[in-house]
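Respectively, the protein sequence lines represent chains V and D. Just so we're aligned, residue 1 is where the first sequence starts under this note's numbering, counting upward by one. Just so we're aligned, residue 212 is where the second sequence starts under this note's numbering, counting upward by one.
Protein chains: 2
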Amino acid sequence: MNKIENYRHLLRDLEEGLLKELTEKGRILEAKAGQVLLQTGQNIRNTMIVLDGLVKLYRENEEGSEFFMYHLNAGEGCALSLICDRTIKASAVTAKADTDAVLLVVPVEVTENWMRQYRTWYHFVVGTYRKRYEELLETIDHIAFQNMDERLEFYLRRHSKALGTKVLDLTNTQIAQELNSSREVVSRLMKKLSEQGKVRLLKQGIELLKI
Amino acid sequence: MNKIENYRHLLRDLEEGLLKELTEKGRILEAKAGQVLLQTGQNIRNTMIVLDGLVKLYRENEEGSEFFMYHLNAGEGCALSLICDRTIKASAVTAKADTDAVLLVVPVEVTENWMRQYRTWYHFVVGTYRKRYEELLETIDHIAFQNMDERLEFYLRRHSKALGTKVLDLTNTQIAQELNSSREVVSRLMKKLSEQGKVRLLKQGIELLKI
DNA sequence: TGTCGCCTGTGATTTATGTCACGGGCTGCT
DNA sequence: AGCAGCCCGTGACATAAATCACAGGCGACA
Chain V
1 MNKIENYRHL
11 LRDLEEGLLK
21 ELTEKGRILE
31 AKAGQVLLQT
41 GQNIRNTMIV
51 LDGLVKLYRE
61 NEEGSEFFMY
71 HLNAGEGCAL
81 SLICDRTIKA
91 SAVTAKADTD
101 AVLLVVPVEV
111 TENWMRQYRT
121 WYHFVVGTYR
131 KRYEELLETI
141 DHIAFQNMDE
151 RLEFYLRRHS
161 KALGTKVLDL
171 TNTQIAQELN
181 SSREVVSRLM
191 KKLSEQGKVR
201 LLKQGIELLK
211 I
Chain D
212 MNKIENYRHL
222 LRDLEEGLLK
232 ELTEKGRILE
242 AKAGQVLLQT
252 GQNIRNTMIV
262 LDGLVKLYRE
272 NEEGSEFFMY
282 HLNAGEGCAL
292 SLICDRTIKA
302 SAVTAKADTD
312 AVLLVVPVEV
322 TENWMRQYRT
332 WYHFVVGTYR
342 KRYEELLETI
352 DHIAFQNMDE
362 RLEFYLRRHS
372 KALGTKVLDL
382 TNTQIAQELN
392 SSREVVSRLM
402 KKLSEQGKVR
412 LLKQGIELLK
422 I
């Protein structure tokens, strides 16, 4: 089990030869929820593609706060790890498995060549970069232009969409960290959202209603 | 004048055939300082490379505030306009000539093919995307983790570096808009910086000292 | 049962920032 | 000269958010 073949539907856009190489040269990595996959400052030696589960990307500051950037869902690749040239650069972000996850890992020496060799790989990489760039833009919008209440709503919507569920198993503490805010603030805002009927606060987790 | 040949030193990394195509299929665009080159919502039909002058990229919100993202210097390309696939997407940013500028403009139908055809073009595009992605990350750091005073210093440093001068001809009003703050706040902080000896406030402009 | 470690809620206070309301300077135009 | 349209600085105030201090709930475990 956990062979690449099991995940073909995710890679259906890739041409045959590439799939073959992926199978030969790629390695499957199983990660437990919470496991750190890529750490700030660490060198990037491998291209990573998520095959199953959910990965979260963070930007870290000097004190170690982890600011949430975006999710990687099954079928998506880590933009930073897709393009590395010769000049293998240190990672500027932290990637962490949010659920148990399965990753496809390929050395950058290999994927570098695919870029010219396989048209579909090129499309995959370009599409990934574009998408992540736009996701960063959206993140910037929110921190630059919006107040915490709107940012909180956006955060909840994003998580609901990525996880495909209306019930989020998150603590206020955790949300506060990822928004670079404080628990008390999130607690108060969450109460407001609940009074507005936008969420229901469960003993364990948050149910999104009209949000 | 203003032939592509004059800017060869900027494009020195590109292979011969590509330079030839650039010369044949590219078009020179001269822009006046302040001219808008790419507007939010506008379709991207051309790849743009800055040959001379300085271009500023902004993210706009609904009310029309323009949040400064980063500069494009001579020799640099607009990341968004480099990758467009078939699915020509609307621009999510505004680009504006900060000084008088000269741009090299090539239809995306043409550059799309270069990606596979010319190795040096591929490197150029990938390098551009990487750099812009990292520049966005840096921007996020600052708005997510820092106070206005540090953000202001960063803004000034960035501008000094991009313009290659220690004297910036900017008004407080303009700075406030680009940081999405207010004139009064910038005014007070600028006074503080001047008291700390980090800048000198000229009648016309700001001189950076130990910053 | 007690206590530890997690979580939550909430008032009081402080701080950073945005907003309002001034006054005043400089330039260019008529 | 007089006015319009920029720009700047500054005090007073309003607001969002962070911080402090506390109390209490709940599950794990000895």
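All C-beta atoms in this analysis are idealised placements derived from N, C-alpha and C, irrespective of residue type, glycine included. Computed from a predicted model, the values in this text were never measured in an experiment.
query	result
Terminal residues of the alpha helix (DSSP H) in which D:T339 lies	R330 to F356
Paired residues, beta bridge with D:H282 - DSSP	D:K267
Straight-line Cα distance separating D:R223 from D:M212	The predicted model places D:M212 with a pLDDT of 47, which falls under 50 and marks its position as unreliable; any figure quoted below should be read in that light. The straight-line gap from Cα to Cα measures roughly 19 angstroms.
contact_flag[the region 131-151 of chain V, the region 97-112 of chain V] where n(CB pairs < 8 angstroms) is 3 or more	no
Cβ neighbours of D:R238 in the same chain (closer than 7 angstroms, five flanking residues each side left out)	V316
Three-pair Cβ contact test at 8 angstroms for the region 341-361 of chain D versus the region 53-69 of chain V	yes
Below-8 angstroms beta-carbon distance, D:A306 vs any chain V residue	no
Nearest-angstrom Cβ-Cβ length linking V:I206 and V:L179, presumed shorter than 8 angstroms	About 14 angstroms; that fails the 8 angstroms criterion.
Min CB distance V:D149 to chain D below 8 angstroms	no
Limits of the unbroken alpha helix (DSSP H) element including D:R362	M359 to L374
Own chain residues within Cβ distance below 7 angstroms of V:G197, not counting five before or after	L209 and K210
Stretch-stretch touch, CB-based, cutoff 8 angstroms, three pairs: the region 314-333 of chain D with the region 255-263 of chain D	yes
V:T120 versus D:K243, D:T331 and D:R327, residue with shortest Cα-Cα distance	D:R327
Range covered by the alpha helix (DSSP H) that runs through V:E195	R183 to E195
Minimum Cβ-Cβ distance from D:A242 to chain V less than 8 angstroms	no
Opening and closing residue of the alpha helix (DSSP H) in which V:E5 lies	No alpha helix (DSSP H) contains V:E5, which DSSP labels as neither H nor E.
Beta-carbon proximity list for D:E241, same chain, < 6 angstroms, skipping 5 on both sides	V313
Straight-line Cα distance separating V:K161 from D:L230	45 angstroms
Neighbour list for D:R330 in chain V, Cβ cutoff strictly below 9 angstroms	R116
Bounding residues of the alpha helix (DSSP H) (the contiguous stretch that carries V:L82)	A79 to L82
C-alpha distance - D:Q415 paired with D:E287, whole-angstrom precision	30 angstroms
Whole-number beta carbon distance between D:T305 and D:T384, since they are thought to touch under 8 angstroms	In fact, because the Cβ distance is near 18 angstroms, the residues do not count as touching under 8 angstroms.
Within 8 angstroms, strictly: CB atoms of V:G53 and V:Y118	no
V:H9 classed as buried or exposed, judged by whether at least 16 other C-beta atoms fall within 10 angstroms	exposed
Inter-residue Cα distance where the pair is D:Y333 and D:G375	29 angstroms
D:E235 to D:L248 span [Cα, whole Å]	22 angstroms
Counted within 10 angstroms of its Cβ, other Cβ atoms place D:L413 as buried (16 or more) or exposed	exposed
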